[in-house]
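**Q** This is the structure, below, for whatever I ask next.
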Amino acid sequence: TKYAQDGPRHIKQTRHYSLALFIVIWIVCALAVIVTLALLYFNFKNREIRYIKMSSPHVNNIIIFGGLLCYIKVFVDTLDSRYVGLETYGRFCNARVWLMSLGFTTAFGAMFSKTWRVHRIFTASKNFRRAVIKNFHLYGLLFALLAVDFILLTVWMIASPYRSGILQLPTEENKEEDEIIYPYIFNCTSQHENYFLITTLGCKGLLLVFGIFLAWETRNIEIKALNDSKYIGISVYNVVILSVVGVILATLMSGSEYYNVYLALMSLVVILCTAATLGIVFVPKIIGLQRIINSTTNESLETTYSVKSSDDKQPPCCCCEACKCKCSGRDRKSSIHVSNKFLAGASSNRRKTRTASIPSISVTKPKVSVHINARVSLSTYPISESPSPSPDESTRVGFLTNNA
1 TKYAQDGPRH IKQTRHYSLA LFIVIWIVCA LAVIVTLALL YFNFKNREIR YIKMSSPHVN
61 NIIIFGGLLC YIKVFVDTLD SRYVGLETYG RFCNARVWLM SLGFTTAFGA MFSKTWRVHR
121 IFTASKNFRR AVIKNFHLYG LLFALLAVDF ILLTVWMIAS PYRSGILQLP TEENKEEDEI
181 IYPYIFNCTS QHENYFLITT LGCKGLLLVF GIFLAWETRN IEIKALNDSK YIGISVYNVV
241 ILSVVGVILA TLMSGSEYYN VYLALMSLVV ILCTAATLGI VFVPKIIGLQ RIINSTTNES
301 LETTYSVKSS DDKQPPCCCC EACKCKCSGR DRKSSIHVSN KFLAGASSNR RKTRTASIPS
361 ISVTKPKVSV HINARVSLST YPISESPSPS PDESTRVGFL TNNA
């Protein structure tokens with residue numbers, strides 16, 4: 001808008017976020033969303049594996065959903081007067097508050113609800129009581145936390161919602177063109193913003209304190225799949241430090257000509273906090289599952305090699321009907337030949353003598369196999385018709401016993 005006056009021209013000019021900054025934020029945030037969806041796929045694919053199942057995969061999906069809400073909030077932050085009109089800009093300001101608040105409560109509320117269940121179960125076991133806490137109990141706790149957010153935000157939106165406004169930036173003078181420029185950007189204003197903002201931050205702080213308490217109470221649990229105390233502590237520490245630094249810098253730069261720096265800092269804080277929280281929760285699970293798979297594969301290979309080595313060392317065996325062994329090739333043919341002759345001789349002399357008998361074969365262990373030595377030819381040493389076999393006959397049939 002130009003005002004025709006004597007002297008320099010006065011021009012009102014709308015400013016936008018830097019296009020390069022806009023592209024960088026969208027690329028980084030899009031990559032973060034892709035990684036988050038990959039974590040969701042990992043959690044869904046391995047949900048039946050015991051190691052992942054112990055960590056409540058359905059609750060982990062809720063944590064991921066909370067992170068996605070925070071990333072969507074970053075996309076909404078980058079929308080300025082280039083894409084949104086002044087009349088509708090206030091709605092996007094209210095949407096930012098809802099996305100950030102609900103995303104934070106969803107992610108950390110789901111995380112703390114899992115630890116709450118572990119705390120209740122182990123506390124009951126110490127008192128010799130049995131505690132059964134199912135997933136719907138965790139959903140109930142999360143619903144209660146979200147209900148507090150809904151009530152607070154609803155009251156905020158009714159009593160003092162954000163409305164679109166104009167933030168006047170420092171005046172610029174262009175002497176060459178004899179112009180005075182009045183730059184401005186779209187802004188969100190709320191009459192009682194500070195009161196509701198302090199109340200909201202206080203509720204989030206109490207939620208973090210609750211998580212720290214649960215982490216401290218479950219710090220001595222030895223089951224790694226259930227003990228998230230260390231990861232909760234790291235997540236809370238990162239969120240608190242980054243949030244405090246971000247709020248201080250944002251307060252100093254808000255309402256100034258450094259609106260690009262303000263957007264970059266706010267987006268960086270949200271992306272780092274969300275990515276760090278999701279990484280701390282899921283990266284140890286990915287590493288732990290990979291170690292389990294590797295150890296199982298190594299044990300399987302070692303077992304296969306051991307069985308193969310022991311099979312190679314076994315001597316050839318016979319295939320008589322008595323021992324039911326399996327062999328192949330020349331050993332099989334020779335053993336069948338020996339067995340047939342042996343049984344034929346025994347059948348012809350069965351009625352002539354009652355004392356001559358085939359040596360009995362007894363197997364006491366399922367892993368023990370007994371074999372007749374195929375190298376001995378019984379045709380050379382026929383069974384005697386005398387009442388008792390000679391000592392030499394009993395030694396001419398050899399038996400080999402191998403422990404599997």
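Taking full-length UniProt numbering, I'd label the letters of the sequence shown as residues 1 to 404.
Cβ atoms here follow ideal geometry from the backbone N, Cα and C, with glycine treated the same way.
What you are looking at is a predicted structure, and each value in this text was computed from that prediction instead of being measured.
Go ahead and label Tyr195 buried or exposed: buried means 16 or more other beta carbons lie within 10 angstroms of its beta carbon, across all protein chains shown.
**A** In the sequence shown, the residue the question calls residue 195 occupies position 195. Exposed: under 16 other Cβ atoms inside 10 Å.
**Q** With a threshold of 8 angstroms on Cβ separation, who are the neighbours of Leu272 within its own chain once the five nearest residues in sequence on each side are excluded?
**A** Mapped onto the sequence shown, residue 272 falls at position 272. Excluding sequence neighbours, Leu272 sits near Asn238 and Leu242.
**Q** Taking Cβ positions, are Met54 and Ile232 nearer each other than 8 angstroms?
**A** On the sequence shown, residue 54 is found 54 positions in, with the first residue counted as 1. On the sequence shown, residue 232 is found 232 positions in, with the first residue counted as 1. No, the pair does not count as a contact, with Cβ atoms beyond the cut-off.
**Q** Going by the DSSP bridge assignment, what does Gly165 pair with across the sheet?
**A** Locating residue 165 in the sequence shown gives position 165, counting from the first residue. For Gly165, which the question treats as bridged, DSSP gives the partners Asn187.
**Q** Could you give the DSSP three-state label for Thr123: helix, strand or coil?
**A** For the purposes of this step, residue 123 is taken as the residue at position 123 of the sequence shown. Of the three classes helix, strand and coil, the one that applies to Thr123 here is helix, per DSSP.
**Q** For chain C, check one thing: does any of its Cβ atoms lie closer than 8 angstroms to the Cβ of Asn294?
**A** No chain C appears in the structure shown, which is made up of a single protein chain.
**Q** Please list, in chain order, all residues of the same chain as Val187 whose beta carbon is under 7 angstroms from its beta carbon, the five residues on each side excluded.
**A** Start at 1 with the first residue of the sequence shown, and residue 187 comes out as number 187. Note that residue 187 is Asn in the sequence shown here, rather than Val. Contacts found: Gly165, Ile166 and Leu167.
**Q** Three-state secondary structure (DSSP) at His10?
**A** The residue given as residue 10 occupies position 10 in the sequence shown. Looking at His10 - three-state DSSP - the assignment turns out to be strand.
**Q** In three-state DSSP terms, what is Ile133?
**A** Along the sequence shown, read from residue 1 onward, the residue named residue 133 stands at position 133. Reduced to three states, the DSSP call for Ile133 is coil.
**Q** Ala20: which of Asn260, Leu152 and Ala107 sits nearest, CA to CA?
**A** Taking the first residue of the sequence shown as 1, we reach residue 20 at position 20. Ranking the options by Cα distance to Ala20, first place goes to Asn260.
**Q** Return the first residue and the last residue of the alpha helix (DSSP H) that Asn43 is part of.
**A** Residue mapping note: residue 43 aligns to position 43 of the sequence shown, counting from 1. Here the alpha helix (DSSP H) through Asn43 covers Leu19 to Lys45.
**Q** Where are the alpha helix (DSSP H) runs, 4 residues long or more, that stay fully inside the stretch 210-273, in chain order?
**A** Qualifying alpha helix (DSSP H) stretches, in chain order: 229-253.
**Q** In three-state DSSP terms, what is Ile52?
**A** Numbered from its first residue, the sequence shown carries residue 52 at position 52. Helix.
**Q** Given this structure, state the Cα-to-Cα distance separating Leu206 from His119, to the nearest angstrom.
**A** As a working note, residue 206 is residue 206 in the sequence shown. As a working note, residue 119 is residue 119 in the sequence shown. So the two alpha carbons sit approximately 18 angstroms from each other.
**Q** Between the C-alpha atoms of Leu152 and Lys175, what's the straight-line distance to the nearest angstrom?
**A** Stepping through the sequence shown from its first residue, residue 152 is reached at position 152. Stepping through the sequence shown from its first residue, residue 175 is reached at position 175. Going by the C-alpha atoms only, they are around 51 angstroms apart.
**Q** With distances taken Cα to Cα, identify the nearest neighbour of Ile11 among Glu257, Ser235 and Thr171.
**A** Numbered from its first residue, the sequence shown carries residue 11 at position 11. Checking every option, the nearest Cα to that of Ile11 belongs to Thr171.
**Q** Tell me the DSSP secondary structure of Tyr83 in three-state form.
**A** Along the sequence shown, read from residue 1 onward, the residue named residue 83 stands at position 83. If DSSP states are grouped into helix, strand and coil, Tyr83 belongs with coil.
**Q** Could you give the distance in angstroms between the alpha-carbon of Arg219 and the alpha-carbon of Val28?
**A** Residue mapping note: residue 219 aligns to position 219 of the sequence shown, counting from 1. Residue mapping note: residue 28 aligns to position 28 of the sequence shown, counting from 1. Taking the straight line joining both Cα atoms gives about 35 angstroms.
**Q** Could you check which residue in Thr123, Ile72 and Thr14 has the C-alpha nearest to that of Arg82?
**A** Position 82 of the sequence shown holds residue 82. That would be Thr14, whose Cα lies nearest to the Cα of Arg82.
**Q** Hey, would you say the C-beta of Ala20 is under 7 angstroms away from at least one heavy atom of the ligand PLP?
**A** Looking at this structure, you won't find the ligand PLP or any other ligand, since it has none at all.
**Q** Do you know offhand how far Val97's Cα is from Gly288's?
**A** Along the sequence shown, one-based indexing puts residue 97 at 97. Along the sequence shown, one-based indexing puts residue 288 at 288. Taking the straight line from one Cα to the other gives about 36 angstroms.
**Q** Spatial neighbours of Leu263 within its chain, please: C-beta separation below 8 angstroms, excluding the five flanking residues on both sides.
**A** Taking the first residue of the sequence shown as position 1, residue 263 is located at position 263. Here the set comprises Tyr17, Leu21, Ile25, Asp77 and Thr78.
**Q** In angstroms, rounded to a whole number, what distance separates the CA positions of Glu173 and Ile185?
**A** Start at 1 with the first residue of the sequence shown, and residue 173 comes out as number 173. Start at 1 with the first residue of the sequence shown, and residue 185 comes out as number 185. Their Cα atoms are separated by approximately 18 angstroms.
**Q** Give the single residue among Thr296, Lys285 and Ile293 whose Cα lies nearest to the Cα of Ile52.
**A** Reading the sequence shown from its first residue, position 52 is the one you call residue 52. Selected option, being the one with the closest Cα: Lys285.
**Q** What are the partner residues of Glu179, as DSSP defines its beta bridges?
**A** By 1-based counting over the sequence shown, the position of residue 179 is 179. DSSP, once it has assigned bridges, lists Arg9 and Asn174 as partnering Glu179.
**Q** Rounded to a whole number of angstroms, what is the C-alpha to C-alpha distance between Ile372 and Thr296?
**A** As a first step, residue 372 must be located in the sequence shown, where it is residue number 372. As a first step, residue 296 must be located in the sequence shown, where it is residue number 296. Confidence at Ile372 is low in this model, with a pLDDT of 37, below 50, so its placement is unreliable and no value can be given for it.
**Q** Can you give me the Cβ contacts of Thr189 inside the same chain, cut-off strictly under 6 angstroms, excluding the 5 residues immediately before and after it?
**A** Within the sequence shown, residue 189 is the residue found at index 189, counting from 1. So the list reads Arg163 and Gly165, once near-sequence residues are dropped.
**Q** Which of helix, strand or coil does DSSP assign to His192?
**A** As a position in the sequence shown, residue 192 is number 192, starting the count at 1. DSSP places His192 in coil when its eight states are reduced to three.
**Q** Here's the rule: buried if 16 or more other CB atoms are within 10 angstroms of the residue's CB, otherwise exposed. What is Gly7?
**A** The residue you call residue 7 lines up with position 7 of the sequence shown. Exposed is the call here.
**Q** Note down, in chain order, each residue of its chain lying with its Cβ closer than 7 angstroms to the Cβ of Asn94, except the 5 sequence neighbours on either side.
**A** Position 94 of the sequence shown holds residue 94. Once the five neighbours on either side are set aside, the close Cβ partners of Asn94 are Met157, Pro161 and Tyr162.
**Q** Rounded to the nearest angstrom, what separates His58 and Lys45 at their Cα positions?
**A** What you label residue 58 is simply residue 58 of the sequence shown in a count that begins at 1. What you label residue 45 is simply residue 45 of the sequence shown in a count that begins at 1. Cα to Cα, His58 sits roughly 12 angstroms from Lys45.
**Q** Rounding to the nearest angstrom, what Cα-Cα distance links Ala107 and Ile180 in this structure?
**A** Along the sequence shown, read from residue 1 onward, the residue named residue 107 stands at position 107. Along the sequence shown, read from residue 1 onward, the residue named residue 180 stands at position 180. Each residue's Cα considered, the two are about 49 angstroms apart.
**Q** What do you reckon, are the CB atoms on Leu249 and Leu265 nearer than 8 angstroms?
**A** Residue 249 sits at position 249 when you count from the first residue of the sequence shown. Residue 265 sits at position 265 when you count from the first residue of the sequence shown. Closer than 8 angstroms, so yes.
**Q** Of the choices Thr200, Arg291 and Glu217, whose alpha-carbon is the least far from that of Met100?
**A** Start at 1 with the first residue of the sequence shown, and residue 100 comes out as number 100. Closest option to Met100, Cα to Cα, is Thr200.
**Q** Where does residue 405 fall in DSSP's three states?
**A** Lying before the first or after the last residue shown, residue 405 is absent from the chain, which here runs from 1 to 404.
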